[in-house]
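Have a look at the structure below before the remarks.
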Amino acid sequence: MDSCPECARKLAEARGRIALLSLAAPEQNPPTVVKQRLLEKVRAEKSSTIAPARVRETRPPARWWNTIWAPAALALAFATVFLWISDRGLDQQLQQIRQTTQTYQEQTQHAQALVNVLAAQDTVTVKLDATPAMPKAWGYVKYNPRMGMMCYTADLPEPPPDKVYQMWAVPVTGNPVSAGVFMPAAAHNGQMPVAKVPTGMDCKWFCVTVEPKGGKSAPTGPKVLVGTL
Amino acid sequence: MSRAQRAEQQNDSDWSLLERVVQKDESALAALYDRYSGLVFAEATRILRDSGAAEEVLQDLFYQVWRTAEKFDPARGSLPGWLLVAARNRSISRLRRRSSRDDDELTENSVVLPCSLETTAAQNQLLGRVKTILSGMPDGQREAIELAYFEGMTHSEIAEHLATPLGTVKTRIRSAVEILKQALA
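Listed in order, the protein sequences are those of chains U and H. Using the working numbering, the first residue of the first sequence is number 24, and each one after it goes up by one. Using the working numbering, the first residue of the second sequence is number 119, and each one after it goes up by one.
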């Protein structure tokens with residue numbers, strides 16, 4: 024019939040004429056309940072098909088990865104806090120390591136300077152003698168005028184409160200040059216103070232005085248040890 | 119629904135109502151039902167001789183219109199023609215306990231009616247014409263064509279039922295169809 028539209032039309036018309044025979048059936052009207060049942064069925068179908076469509080319109084279907092956003096965000100927040108705390112701890116450790124390293128570097132430089140002074144052939148040793156102020160005290164100085172370095176040690180009692188000992192290098196001409204303040208405990212612990220003084224200074228004497236904490240730019244206190252080069 | 123709306127729907131063409139049914143307008147389906155349910159129910163009841171079964175055929179048929187209205191092509195036929203043919207086929211299948219392929223009927227069975235049935239007046243007019251045509255037929259001829267249409271009998275079954283030669287039955291039916299064609303032209 025698809026290949027012959029005219030045939031299809033004639034067949035449809037023949038069907039129509041035959042179908043009109045149904046009008047010969049005794050007239051009958053269906054009970055109203057049939058229409059009610061039909062419309063109820065139609066409404067039920069509408070509500071079951073339209074409701075999900077509304078849901079789809081207003082709310083797109085959830086993607087599977089949506090379910091992991093919240094936990095992932097929470098985990099990220101925890102990780103951020105953890106890393107921040109960890110970073111602070113690492114910063115503190117790094118600071119401590121830097122301080123320790125600086126201390127080691129200072130000790131190394133001090134030891135190197137001490138070795139250099141002690142090992143140099145032109146280093147001279149000056150014995151420090153006690154004065155009447157502290158008759159039992161003693162000490163000595165290792166001095167290298169070429170290097171402008173000196174180191175020293177002294178056996179002294181504890182200084183009075185708020186006082187320290189201060190080493191001086193005294194040239195033939197000019198003012199005494201401070202070679203640093205020290206406490207006897209350092210000497211007792213085997214530590215040997217190292218000081219830098221002007222290179223080529225024509226140094227003649229060394230002395231130790233008692234000075235206020237922090238030291239002075241020129242000797243003011245009593246001499247407790249004196250040595251002559 | 120107001121009286122004005124009901125009157126307006128009564129004036130709507132089958133095609134405009136079907137378009138609204140496609141848009142899932144149940145009032146349009148109700149209007150089509152009001153327009154054609156009497157014809158369909160009378161036919162199904164005549165074939166099945168069981169008003170309960172006829173109600174089921176009627177309801178199923180209009181529910182199929184609701185579900186598959188978009189398949190209906192007005193260029194290939196009229197809705198009442200399709201309803202009458204589908205109601206007959208389903209009723210006879212039910213009568214003979216045969217299965218029917220409901221979903222395909224809308225597209226497969228094109229039916230063109232020689233006149234409109236969209237108004238009650240047109241239906242009444244055509245109903246009168248058909249009854250007049252049939253009443254004008256000889257008893258044997260009318261009986262043969264009614265057995266073929268309403269009982270779904272084959273020519274051989276009609277011949278056996280009427281104790282009439284097969285050739286006579288074929289001639290009577292062919293002649294009845296020709297009378298219908300001439301009368302409704």
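Yeah, the Cβ is synthetic: ideal placement off N, Cα and C, and Gly gets one too.
Report all residues from its chain with a CB closer than 7 Å to the CB of residue i; omit the five preceding and five following residues, and keep chain order.
i              : result
D145 (chain U) : N167, R169
E29 (chain U)  : none
D222 (chain H) : Legend: pLDDT at D222 (chain H) = 48, less than 50; position of this residue unreliable, value from coordinates given subsequently. Once the five neighbours on either side are set aside, D222 (chain H) has no close Cβ partner at all.
Q297 (chain H) : For the record, residue 297 (chain H) in the displayed sequence is Ile; it is not Gln. For I297 (chain H), where only same-chain residues beyond five positions count, the Cβ hits under 7 Å are I251, M255.
Shorter than 8 Å from the beta carbon of residue i to some beta carbon of chain H?
i             : result
E63 (chain U) : no
Q59 (chain U) : no
S70 (chain U) : no
P53 (chain U) : yes
S45 (chain U) : yes
P28 (chain U) : no
A35 (chain U) : yes
P49 (chain U) : yes
Would you report the Cα separation of residue i and residue j, rounded to the nearest angstrom?
i              : j              : result
E236 (chain H) : L147 (chain H) : 14 Å
S274 (chain H) : D168 (chain H) : 26 Å
R40 (chain U)  : L231 (chain H) : 6 Å
L34 (chain U)  : A42 (chain U)  : 12 Å
D178 (chain U) : Q115 (chain U) : 40 Å
P158 (chain U) : K246 (chain U) : 11 Å
L135 (chain H) : S293 (chain H) : 37 Å
F101 (chain U) : Q118 (chain U) : 26 Å
Between the Cα of residue i and the Cα atoms of the options, which residue gives the shortest distance?
i              : options                        : result
A171 (chain H) : U:P53, U:I41, U:C27            : U:P53
M224 (chain U) : U:T243, U:T232, U:G197         : U:G197
Q177 (chain H) : H:G285, H:G156, H:S228         : H:G156
E63 (chain U)  : H:F180, H:V140, H:F159, H:T163 : H:F180
T154 (chain U) : U:A93, U:S201, U:G250          : U:G250
G203 (chain U) : U:P182, U:G237, U:P184         : U:G237
D152 (chain U) : U:E36, U:L248, U:T126, U:V140  : U:L248
T238 (chain H) : H:W133, H:Y154, H:E144         : H:Y154
V217 (chain U) : U:C226, U:Y175, U:P180         : U:Y175
Does any C-beta atom of chain U lie closer than 8 Å to the C-beta of residue i?
i              : result
T289 (chain H) : no
E275 (chain H) : no
V140 (chain H) : no
D221 (chain H) : Only weak support exists for where D221 (chain H) lies, its pLDDT of 47 falling under 50; the value from the coordinates is given anyway. Not one chain U Cβ lies under 8 Å of D221 (chain H).
R194 (chain H) : yes
With a CB to CB cut of under 8 Å and the five nearest residues on each side skipped, what residues in its chain are close to residue i?
i              : result
L166 (chain H) : A172, V175, S209, R212, L213
C233 (chain H) : A240, L244, L302
P199 (chain U) : W191, A192, V193, C230, A241, P242
R247 (chain H) : A301, L302
Short of 6 Å in beta carbon distance, which residues of its chain neighbour residue i, apart from the five on each side in sequence? Order them along the chain.
i              : result
K186 (chain U) : V233
Interface residues of the region 165-187 of chain H facing chain U [CB-CB below 7 Å]: Taking 7 Å as the Cβ-Cβ cut-off against chain U, the residues of the region 165-187 of chain H that qualify are E173, L176, Q177, F180, Y181, W184.
With 8 Å as the limit, tell me which residues of the region 260-274 of chain H have their beta carbon closer than that to any beta carbon of chain U; keep them in chain order. Here the close residues are I263, E264, Y267, F268.
Give the residues from the region 234-262 of chain H that approach chain U closer than 7 Å (Cβ to any Cβ), ordered along the chain. Taking 7 Å as the Cβ-Cβ cut-off against chain U, the residues of the region 234-262 of chain H that qualify are L244, L245, V248, K249, L252.
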